[in-house]
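Here is the structure we will look at.
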Amino acid sequence: MNESTFPGTEHVMGHLPGHVPAPEPVQPISTPPSEPPRPAPAPARALPDNYAEMPKPTAKLTAEDLAPVNDANGPRHRIGPTGRPLPDLPTPQPPTKTGPAQVIAMCNQKGGVGKTTTTINLGAAIAETGRKVLLIDFDPQGSASIGLGVQPHDLELSVYNLLMQRDITPDEVIQPTRVENLDLLPANIDLSAAEVQLVQEVAREYTLQRVLDPIIPLYDVILIDCAPSLGLLTVNALTASNGIVVPLECEFFALRGLAMLTDTIAKVQDRLNPKLEIVGILGTMFDGRTTHAREVLDRVVQAFDERVFHTVIRRTVKFPETTVVGEPITTYAPSSQAATQYRDLAKEVLARCPAG
Ligand SMILES: Nc1ncnc2c1ncn2[C@@H]1O[C@H](COP(=O)(O)OP(=O)(O)O)[C@@H](O)[C@H]1O
Ligand SMILES: [Mg+2]
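Counted from 1, the sequence shown has number 220 at position 221 by numbering that gives the first Met the number 0; the numbering is strictly sequential.
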């Protein structure tokens with residue numbers, strides 16, 4: 000975007016040398032102007048204050064528990080990497096109709112935990128089931144766009160224009176991808192200005208929801224790739240969503256920010272969007288050879304039990320490779336373990352929030 004394209008934004012841009020977003024604490028949430036009375040939200044699951052220091056679970060899994068078994072369904076593991084028996088999830092059947100879409104935000108204010116990788120590959124795995132999927136790149140870094148082969152600086156229009164200009168319609172910005180049933184609403188660095196400009200808007204937390212409303216009937220699943228922050232853009236994503244997936248790198252410090260994240264989620268549930276629910280916590284970059292990764296998963300299961308996905312995404316060099324080629328793992332290496340893991344995750348997500 001050329002800054003002079005949008006008269007009246009110069010003063011804002013002037014404070015953003017090189018469009019670097021201002022350091023931003025958790026955004027206070029305003030009350031929308033004339034909000035109808037809302038039902039009381041379900042109490043958010045409280046996270047014990049000390050749970051990063053909680054003792055390890057006493058019941059240790061034995062090698063026998065973890066060994067594959069052979070039964071009518073062929074060889075399979077009884078106990079998954081999260082230490083719980085693996086459920087038999089149905090293979091998703093093709094949908095009989097399209098929409099209304101389930102809107103799911105990938106959210107964690109920590110960077111590098113697998114939000115973008117999960118948005119792209121979960122989206123592609125759901126698209127393989129015949130469902131219409133839209134990925135929204137909601138990070139000014141434009142990583143989801145890059146990961147699908149779109150160059151952010153070449154974009155004429157991006158999600159920024161859709162948010163800030165009332166005369167732009169979604170079909171002007173949404174692009175098909177090389178993957179069947181998978182569309183992309185791309186982003187670039189322009190979006191960092193929206194974080195500042197939205198503050199002036201009336202009902203500023205509802206801006207994304209407003210622009211998504213007309214396309215909800217056109218998709219079965221909409222996945223939002225959030226930026227690594229809990230600022231106004233992320234609050235917009237949570238307000239527009241009915242579900243959240245929290246990717247969590249399987250290492251000790253991953254647990255630290257979770258209390259702040261669950262607090263923000265609870266505030267959004269309480270004040271802006273009572274429909275919002277945690278669909279699941281997803282362990283990513285899991286290295287099963289280290290007891291450390293297992294311990295981190297054990298603790299996450301202690302705190303969130305059934306909210307933790309049984310599927311865990313293992314660490315593999317295949318994901319950085321897919322970014323270079325600009326396509327999902329499901330098409331780049333369709334029979335890889337990594338592709339299978341995202342297909343398993345798609346089954347779990349569709350079982351938890353049926354779409355299509
Ligand atoms: N399971 C994995 N194994 C190895 N590398 C991964 C895995 N998932 C993601 N990565 C890599 O880690 C980096 C950060 O992942 P990304 O999805 O961009 O995180 P975020 O969006 O949370 O910042 C990227 O280079 C990505 O390719
Ligand atoms: Mg990202």
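The beta-carbon is built from N, C-alpha and C at its ideal position, and this holds for glycine as well.
Computed from a predicted structure; not experimentally measured.
Under the three-state DSSP convention, the category residue i falls into
i: residue 351; result: helix
i: residue 295; result: helix
i: residue 305; result: helix
i: residue 133; result: strand
i: residue 174; result: strand
i: residue 269; result: helix
i: residue 363; result: Past the edges of the chain, shown from 0 to 355, lies residue 363, and the structure says nothing about it.
i: residue 184; result: strand
i: residue 116; result: helix
i: residue 219; result: coil
i: residue 101; result: strand
i: residue 167; result: coil
i: residue 310; result: strand
i: residue 343; result: helix
i: residue 55; result: Bear in mind that a pLDDT of 44 at residue 55, under 50, signals an unreliable position, so the number given afterwards is only what the model happens to contain. Three-state result, residue 55: coil.
9 Å Cβ cutoff met for residue i and residue j
i: residue 242; j: residue 187; result: no
i: residue 296; j: residue 249; result: yes
i: residue 139; j: residue 191; result: yes
i: residue 224; j: residue 105; result: yes
i: residue 239; j: residue 207; result: yes
i: residue 116; j: residue 147; result: no
i: residue 202; j: residue 137; result: no
i: residue 354; j: residue 130; result: yes
i: residue 222; j: residue 98; result: no
i: residue 311; j: residue 340; result: yes
N-terminal and C-terminal residue of the alpha helix (DSSP H) that residue i is part of
i: residue 283; result: From DSSP, residue 283 is part of no alpha helix (DSSP H) but of the beta strand (DSSP E) over 276 to 285.
i: residue 211; result: 206 to 211
i: residue 393; result: With the chain covering only 0 through 355, there is no way to say anything about residue 393.
i: residue 196; result: 190 to 196
i: residue 149; result: It is not in any alpha helix (DSSP H) - residue 149 carries neither H nor E in the DSSP assignment.
i: residue 320; result: 317 to 324
i: residue 328; result: 328 to 331
i: residue 232; result: 231 to 239
Boundaries of the beta strand (DSSP E) in which residue i is found, first to last residue
i: residue 201; result: Careful: residue 201 lies outside any beta strand (DSSP E) and carries neither H nor E.
i: residue 86; result: No beta strand (DSSP E) holds residue 86; DSSP gives it neither H nor E.
i: residue 154; result: Where residue 154 is concerned, there is no enclosing beta strand (DSSP E), given that its DSSP letter is neither H nor E.
i: residue 243; result: 242 to 248
The segment 313 to 330 touching the segment 111 to 125, judged by at least three CB pairs closer than 8 Å
yes
Okay, do the segment 151 to 169 and the segment 255 to 274 touch, 3+ Cβ pairs below 8 Å being the bar?
no
How about the segment 122 to 138 and the segment 343 to 351: do they share at least three Cβ pairs that are nearer than 8 Å?
yes
Any chance the segment 295 to 315 sits against the segment 78 to 90, with 3 or more Cβ pairs inside 8 Å?
yes
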